[in-house]
Every structure is written in C-alpha cells, then in structure tokens.
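Asker: Mind having a look at this structure? Questions to follow.
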Amino acid sequence: MDRRLALVTGASAGIGAAFARILASHGYDLALTARRADRLDRLAEELSLRYGVEALTVTADLAEPDAPGQILDFLTAHGRTVDALVNNAGYGLPGAYADTRWEDQRAVIQVMVTAPSELAHRVLPAMIRRRFGRIVNVASLAGLLPGAAGATLYGATKAFMVRFSQSLHLEAEAHGVHVSALCPGFTFSEFHDVNGMRAQITQSTPPWLWLGADEVAAAGYEAVEANRPICVPRRAQQGDRGAQQAGPRRMVARPNGLPGAALPEGLTPSWRRGPRPRGGSGPWWNRRSRPAGTARPWRKGSGPAPAR
Ligand SMILES: NC(=O)c1ccc[n+]([C@@H]2O[C@H](COP(=O)([O-])OP(=O)(O)OC[C@H]3O[C@@H](n4cnc5c(N)ncnc54)[C@H](OP(=O)(O)O)[C@@H]3O)[C@@H](O)[C@H]2O)c1
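Each residue of the sequence shown is one higher than the one before, counting from 2 in our numbering.
Here it is as structure tokens:
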C-alpha cells in the first residue's frame with residue numbers, strides 16, 4: 002500500500018475530527034479511533050467520499066490499558082502501518098483532587114499520558130526505519146501555565162506531553178520523524194460540554210480568546226510539517242490579541258515555546274501597543290476601573306511607595 006496512514010485518537014469530535022479532515026485533504030488514509038463508533042463511521046464515510054482516501058475506524062476506550070495494542074493490532078491485520086500519529090483524545094475531570102475517586106484520576110493518566118506515550122513508543126521504530134513520521138501530541142496551553150485548582154491532573158498531564166514531545170522531537174528529527182506538541186487555549190469543541198463547564202467558562206472568558214477546532218488542527222498540522230517542537234495556535238486575524246493575552250508574556254512571545262525565538266511575523270506584543278481605553282461598561286475584559294489620566298499611586302514619582 003503506497004498511501005500514508007494517519008492514526009487519530011479522539012477523532013469522534015472537536016480537534017480530532019478537524020485533524021482527520023485536514024489529514025485527508027492532504028492525501029492521508031485514516032485510522033480513526035474513539036469510543037463512539039457511530040460518529041467515527043459517519044466521519045470515515047464523509048472523508049472517504051470527499052477525498053477518496055481509505056478511512057478505517059477502531060472503537061476503543063483508551064482508559065483500558067490494552068487499547069493502544071489492540072488498535073495497532075487491528076491496523077496490522079489490515080496490512081497498515083502508522084505514518085502519522087495524532088495523540089488527541091482527552092478530557093477534563095472537574096473537581097478538587099480529594100473529592101474525586103482514584104479510579105477516575107487513574108483513567109485521566111491512562112488516557113492522556115500512558116496511552117499516547119505507548120502509541121508513540123509502538124509506532125516510532127517503524128517510522129525511524131522508513132525515515133518518515135509525524136507525531137502530534139495535543140497538549141494544551143494549560144501545560145505551559147502554572148497549575149490551577151480543580152481538574153488537578155489536567156495541567157500536569159499536558160505539561161508531561163509538552164516535555165515528552167520536546168525530548169522526542171530531539172531524538173527523532175535526525176531520522177526524518179517530526180514531533181510537535183500542540184498547545185491550544187480555549188477551543189470550540191465538545192470539551193466543555195463533557196466536563197460540564199460550558200456555561201461558566203463562556204461567561205468568564207472573552208470571545209476573542211476562543212479558537213475554532215479547525216484553526217487549531219490546521220496550526221498543528223503546519224507545526225509538525227515544519228518540525229516545530231511546540232505550537233501555540235493563534236488567531237489568523239485581529240492582530241492575534243487572543244493568543245498574546247492567553248498566557249504569560251514571555252511564553253506567548255515565543256512561537257515555539259523555546260527561549261530566544263522571535264515573535265511571529267505580524268504580531269505586536271500587547272505590552273508595546275500602549276494603554277487600552279479606560280472606563281466604560283461591558284464585560285470585564287473591556288473595562289478599566291481607574292479614571293483616565295490617573296497613575297497608580299505606587300508608580301515612581303507619583304505617590305507614596307506601598308508598605309512592604
Ligand atoms: N477544547 C479546548 O478548549 C481544549 C484546549 C486545550 C487542549 N484541548 C485538548 O484537545 C484534545 C481534544 O479535545 P477537544 O477539545 O476536541 O474535546 P472533545 O470535542 O470533547 O473531543 C474529545 C475526544 O476525545 C475522545 N475521548 C475522550 N475520552 C476518551 C477515552 N477514554 N477513550 C478514547 N477516546 C476518548 C472523545 O471521543 P469519545 O467520547 O467518542 O470516546 C472525543 O473524540 C484533548 O486532549 C484536550 O485536552 C482542548
């Protein structure tokens with residue numbers, strides 16, 4: 002079989018389904034996996050009709066330790082090997098650590114750390130032998146930011162995927178295998194419906210922070226083709242205000258998350274664009290409470306220093 006095959010986990014929705022569409026549009030045959038077989042079958046049919054690619058579906062629950070082996074055995078039985086792997090399946094488990102069941106936390110680690118690590122470990126040797134491979138690990142901006150309370154292991158698993166990808170990137174690049182960690186911020190998908198945070202998160206985040214799943218997947222595809230170890234997707238329009246303000250300056254200023262890299266072309270850092278308009282009404286992200294023209298009292302020369 003001449004055509005390349007891409008295995009996408011979590012392909013039944015959101016970023017995974019978007020990845021499947023992009024890979025098919027670039028001529029990859031597909032192996033789509035998730036728990037919802039009906040969704041996978043519909044997507045497989047759509048993409049094989051539209052792009053003329055072969056699309057296999059494998060129903061699997063990645064919380065089951067045997068799942069990665071079973072998925073790859075299925076592909077071997079169909080005479081296929083994996084040329085591109087998108088480790089995308091994931092979810093957030095809400096709640097404080099002490100209030101949750103260990104079985105649920107263990108599943109988080111299995112789905113978002115152990116299964117992607119195992120899949121990469123199993124497909125990498127053949128990629129190295131063929132001197133071609135692509136691995137995208139869908140991490141998160143949360144993996145680059147300090148930990149937050151709630152969904153305790155989420156940021157930790159994503160930080161793991163970032164570090165893992167960086168090391169794998171360095172080990173694999175000499176063999177023609179590209180590895181990237183994709184670190185999206187808020188993305189429209191089913192993620193916040195699954196974890197029950199939709200209403201709360203929509204109210205507390207400005208619309209410009211959000212990206213479409215297709216934009217995120219496109220950024221990931223581009224990054225792995227260019228062999229960038231870390232990709233923080235950003236908006237294509239509006240001066241990328243969202244991407245710049247979604248995380249700490251030093252991190253967001255680096256397009257690949259590594260020290261010393263330049264700001265992406267066309268980006269003006271928000272801290273160099275001058276003050277935002279003050280006062281006004283509307284959501285908090287458009288409001289400034291201090292009246293126009295007043296300086297902070299502790300600014301040098303403008304008032305007493307704050308007590309230390
Ligand atoms: N949406 C965001 O704001 C955001 C931001 C940063 C990073 N991410 C990351 O992006 C990735 C994709 O999430 P999404 O936003 O596209 O969410 P989504 O729309 O909820 O999709 C999640 C996918 O993961 C699959 N999945 C979940 N648990 C699974 C399990 N035990 N076994 C197999 N498959 C499983 C789901 O399929 P089934 O339910 O059919 O199994 C689904 O296809 C995740 O790793 C997430 O952490 C999302």
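Don't be surprised by glycine CBs; every beta carbon is placed ideally from N, CA and C.
Remember, predicted model here, so these are calculated numbers, not experimental data.
Mind checking whether the beta-carbon of Glu47 lies closer than 6 angstroms to any heavy atom of ligand 1?
Answerer: no
Asker: Would you kindly work out how many angstroms separate the C-alpha atoms of Gly275 and Thr77, rounded to a whole number?
Answerer: Caution applies to Gly275, whose pLDDT of 42 falls short of 50 and renders its modelled position unreliable; the value that the coordinates give is listed next. When rounded, the distance between both Cα atoms is 58 angstroms.
Asker: My output table needs one value for Ser141: the three-state DSSP class, helix, strand or coil.
Answerer: coil
Asker: Distance, Cα to Cα, Glu191 vs Gly15?
Answerer: Glu191 and Gly15: Cα-Cα distance of roughly 6 angstroms.
Asker: On a Cα-Cα basis, can you pick out the residue from Tyr222, His79, Thr206 and Ala38 that is closest to His27?
Answerer: Tyr222
Asker: So for Arg5, helix, strand or coil by DSSP?
Answerer: coil
Asker: Do Asn89 and ligand 1 come close, with the Cβ less than 6 angstroms from some heavy atom?
Answerer: Yes; taking the cut-off as 6 angstroms, the Cβ of Asn89 has a heavy atom of ligand 1 nearer than that.
Asker: So, does the stretch 35-53 touch the stretch 208-221, judging by three or more C-beta pairs under 8 angstroms?
Answerer: no
Asker: Just mark Pro122 as buried or exposed, buried being the case when its beta carbon has 16 or more other beta carbons within 10 Å.
Answerer: According to the sequence provided, residue 122 is His. The question's Pro does not apply to it. Label assigned to His122: exposed.
Asker: For Ala85, tell me which candidate among Gly177, Val195 and Pro185 has the shortest Cα-Cα distance.
Answerer: Gly177
Asker: Helix, strand or coil: how does DSSP classify Asp1 here?
Answerer: Outside the shown range of the chain, which is 2 to 309, sits residue 1, and nothing can be said about it.
Asker: For Ala56, which of Ala143, Ala68, Lys159 and Arg43 has the nearest alpha-carbon?
Answerer: Arg43
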